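Here is the structure we will look at, set down as structure tokens.
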Amino acid sequence: MVKAARCIFMTCFISLMAVIPAGAEMIINEVMSNEPRSQTSLEWIEFYNNSDKPKYLAFSQLNINGVDFGFASGSVNPYEYFVVCRRLTGENSFESVWGNNNGDWNANDPGEDYQVIEIFDIRLLNDSGIIILTYPNDPDSRFEWSQSGLDGVSWERFSPTSAAISNSVDPRGGTPGAKNSITPRDNDLAIIDMTARPLGSGLTGFEIRVANVGQNIMPASELSLYYDPDLDGLVSRADLITVIPFPQTIPEDTLLILSNIPLSGIYAGITALLPDDDLSNNNIMSLVAPGDEFPAVVISEFLPDPDPDSALRSEWIEIKNISTITIDMNGWLIGNSDIFVPISGVELMLEADNYLVLCKDSLAMVDYYGEFNTVIRQPVSWATLRNSGDTIRLRDSYGYSADSVLYEDTYGDNFTWALSDDTQYEGIWGRSVVSGGTPGETNDIL
Numbered sequence: 001m002v003k004a005a006r007c008i009f010m011t012c013f014i015s016l017m018a019v020i021p022a023g024a025e026m027i028i029n030e031v032m033s034n035e036p037r038s039q040t041s042l043e044w045i046e047f048y049n050n051s052d053k054p055k056y057l058a059f060s061q062l063n064i065n066g067v068d069f070g071f072a073s074g075s076v077n078p079y080e081y082f083v084v085c086r087r088l089t090g091e092n093s094f095e096s097v098w099g100n101n102n103g104d105w106n107a108n109d110p111g112e113d114y115q116v117i118e119i120f121d122i123r124l125l126n127d128s129g130i131i132i133l134t135y136p137n138d139p140d141s142r143f144e145w146s147q148s149g150l151d152g153v154s155w156e157r158f159s160p161t162s163a164a165i166s167n168s169v170d171p172r173g174g175t176p177g178a179k180n181s182i183t184p185r186d187n188d189l190a191i192i193d194m195t196a197r198p199l200g201s202g203l204t205g206f207e208i209r210v211a212n213v214g215q216n217i218m219p220a221s222e223l224s225l226y227y228d229p230d231l232d233g234l235v236s237r238a239d240l241i242t243v244i245p246f247p248q249t250i251p252e253d254t255l256l257i258l259s260n261i262p263l264s265g266i267y268a269g270i271t272a273l274l275p276d277d278d279l280s281n282n283n284i285m286s287l288v289a290p291g292d293e294f295p296a297v298v299i300s301e302f303l304p305d306p307d308p309d310s311a312l313r314s315e316w317i318e319i320k321n322i323s324t325i326t327i328d329m330n331g332w333l334i335g336n337s338d339i340f341v342p343i344s345g346v347e348l349m350l351e352a353d354n355y356l357v358l359c360k361d362s363l364a365m366v367d368y369y370g371e372f373n374t375v376i377r378q379p380v381s382w383a384t385l386r387n388s389g390d391t392i393r394l395r396d397s398y399g400y401s402a403d404s405v406l407y408e409d410t411y412g413d414n415f416t417w418a419l420s421d422d423t424q425y426e427g428i429w430g431r432s433v434v435s436g437g438t439p440g441e442t443n444d445i446l
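Going by our numbering, the residue at position 264 of the sequence shown is 264; the numbering climbs one at a time, nothing skipped.
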């Protein structure tokens with residue numbers, strides 16, 4: 001069953017502190033100030049000639065945070081871009097990242113068909129900056145930012161005549177030499193977000209928001225969902241799961257598309273795809289969704305109230321891999337009703353049909369139970385369980401709720417809450433038969 005609900009979609013932009021004066025033609029259009037990772041030579045500034053006549057660079061003056069720079073020669077044709085970068089070619093250069101990485105910037109090569117000038121002395125700060133371009137008889141173009149933004153992502157102007165900027169949404173981190181990714185196109189549908197959740201009975205629920213972020217009314221269209229194990233976006237007709245039609249949209253409209261789909265396995269890589277339009281990079285989104293065998297790991301026993309008069313001084317929670325494959329617990333979380341804590345920050349393999357015992361104090365566990373035949377792990381921190389009742393929650397590395405157990409009281413005397421391993425009482429929780437329970441072993445309950 002598919003439902004579509006209409007709501008208003010608005011895009012938020014960070015406003016520049018200075019509005020572009022009317023009539024400005026030479027525009028500072030995009031700035032890469034927060035370079036990818038820890039690089040120090042990938043800063044660049046993009047300019048745009050927003051007029052019908054050529055502009056001569058020798059007449060221009062560039063001021064970056066109070067430091068002046070000039071151009072010896074060159075010109076920019078009408079409605080074309082040019083870029084000033086810190087390093088044009090070589091290792092960690094503009095050409096190696098935003099060109100074809102052949103060591104040479106050539107206007108005849110695809111993707112390198114715009115002018116780039118190297119000025120090694122430019123210095124851009126991540127968290128703030130002011131760039132001013134002066135051209136004779138043309139109002140100054142001013143570009144200003146007051147925060148770092150996303151790592152390796154440029155600041156783009158909403159349009160050449162706009163004073164608003166935002167981080168680029170292009171997968172490359174910027175759009176030098178091309179129209180900014182946040183500039184509205186004439187015809188542009190976009191997948192804004194996509195989430196999934198297990199519904200039980202073998203079904204997975206999807207919520208997908210599709211917005212008309214263009215300037216024209218878009219006719220009725222459709223959203224396609226595909227199996228995509230590698231999450232690389234390369235799909236074929238054979239991978240198609242379903243096609244979901246949706247109605248006409250007007251600019252700034254959003255459709256909430258709901259769909260319940262049977263997916264096989266514990267997890268399934270899924271890609272959502274819209275038909276081609278004026279901007280393709282916002283027509284696709286991928287995620288890992290829970291399938292009909294989810295969850296692979298569940299909570300199977302726990303002791304929330306160790307007897308302080310006994311040698312057992314540690315709360316503990318037992319989880320079990322009920323699937324047929326090995327699961328890496330790195331990135332999984334365990335918690336109470338208030339907080340989650342990481343189970344492991346490194347690879348921690350839990351084999352099929354095996355247990356993992358999580359505890360507050362591993363030394364106390366060994367003192368009380370002796371040597372374990374299963375894996376025991378003391379997380380870096382612990383979400384303390386309430387004796388008066390609490391909810392134990394298990395979340396997987398994709399952020400899905402794998403299991404949760406609500407208890408309203410405790411048994412005392414080191415008796416545990418345990419999930420029956422007897423097929424006759426499958427899914428039934430009860431008190432452990434023996435004091436101390438059976439951590440890492442088959443459960444036996446009353």
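The C-beta atom is built at its ideal place from N, Cα and C for all residues, glycine as well.
As the structure is a computational prediction, the values presented were derived from the model and not from experiment.
Notebook entry, point to check: In whole angstroms, what is the alpha-carbon distance linking isoleucine 343 and valine 169?
Noted result: 33 Å
Checklist line | Contact under 8 Å by Cβ, arginine 393 with serine 381 | finding: no
Item checked: Start and end residues, beta strand (DSSP E) containing valine 366 -> First-last for valine 366: 362 to 369, but that is the alpha helix (DSSP H), not the beta strand (DSSP E).
Checklist line | Alpha-carbon to alpha-carbon, leucine 189 and proline 219 | finding: 10 Å
Notebook entry, point to check: If you count every other CB in all the chains shown that lies within 10 Å of the CB of alanine 211, and 16 or more means buried, which is it?
Noted result: buried
Checklist line | Cβ shell of aspartate 228 (< 7 Å), same chain only, five flanking positions each side left out | finding: Val235, Asp239, Gly269, Ile270, Thr271, Ser286
Note to self: Using the three-state DSSP reduction, which class does methionine 10 fall into: helix, strand or coil?
What the structure shows: Legend: pLDDT at methionine 10 = 30, less than 50; position of this residue unreliable, value from coordinates given subsequently. Note: methionine 10 maps to coil in three-state DSSP.
Notebook entry, point to check: Between alanine 190 and the ligand FMN, is the CB less than 7 Å from at least one heavy atom?
Noted result: You won't find the ligand FMN in this model; it holds no ligand whatsoever.
Checklist line | Span of the alpha helix (DSSP H) around tryptophan 105 | finding: Per DSSP, tryptophan 105 belongs to no alpha helix (DSSP H) and is neither H nor E.
Checklist line | 7 Å CB neighbourhood of glycine 173 in its chain, flanking five on each side removed | finding: Pro36, Gly152, Val153, Ser154
Note to self: For alanine 296, count the other beta carbons within 10 Å of its own beta carbon; 16 or more makes it buried, fewer makes it exposed. Which is it?
What the structure shows: buried
Note to self: Please report the distance separating the alpha-carbon of serine 337 from that of serine 300.
What the structure shows: 17 Å
Next item on the list: Tell me the start and end of each unbroken beta strand (DSSP E) in the segment 36 to 73 that is at least 3 residues and wholly inside, in chain order.
Entry: 44 to 49, 61 to 64, 67 to 70
Notebook entry, point to check: Looking at C-beta atoms only, is the number of pairs between the segment 130 to 143 and the segment 56 to 69 that lie closer than 8 Å three or more?
Noted result: yes
Notebook entry, point to check: So what does DSSP say about aspartate 409, is it helix, strand or coil?
Noted result: coil
Notebook entry, point to check: Which residue's Cα is closest to the Cα of serine 38: Asn126, Glu95, Asp68, Asp140?
Noted result: Asn126
Check: leucine 225 and isoleucine 241 look like a contact to me (Cβ under 8 Å); what is the Cβ gap, rounded to whole Å?
Finding: 5 Å
Notebook entry, point to check: In whole angstroms, what separates the C-alpha of lysine 360 from that of glycine 205?
Noted result: 35 Å
Next item on the list: Say whether the segment 360 to 369 touches the segment 311 to 326, bearing in mind that this needs 3 or more beta-carbon pairs closer than 8 Å, one atom from each stretch.
Entry: yes
Notebook entry, point to check: Alpha carbon to alpha carbon, how far is aspartate 421 from isoleucine 244?
Noted result: 42 Å
Item checked: Alpha-carbon to alpha-carbon, glycine 149 and threonine 384 -> 36 Å
Next item on the list: Let me know the secondary structure DSSP gives threonine 324 once reduced to three states.
Entry: coil
Next item on the list: Determine the DSSP secondary structure at aspartate 140, reduced to helix, strand or coil.
Entry: strand
Notebook entry, point to check: Could you give the C-beta distance for proline 136 and alanine 24, rounded to a whole number, given that I count them as a contact under 8 Å?
Noted result: In fact, because the Cβ distance is near 13 Å, the residues do not count as touching under 8 Å.
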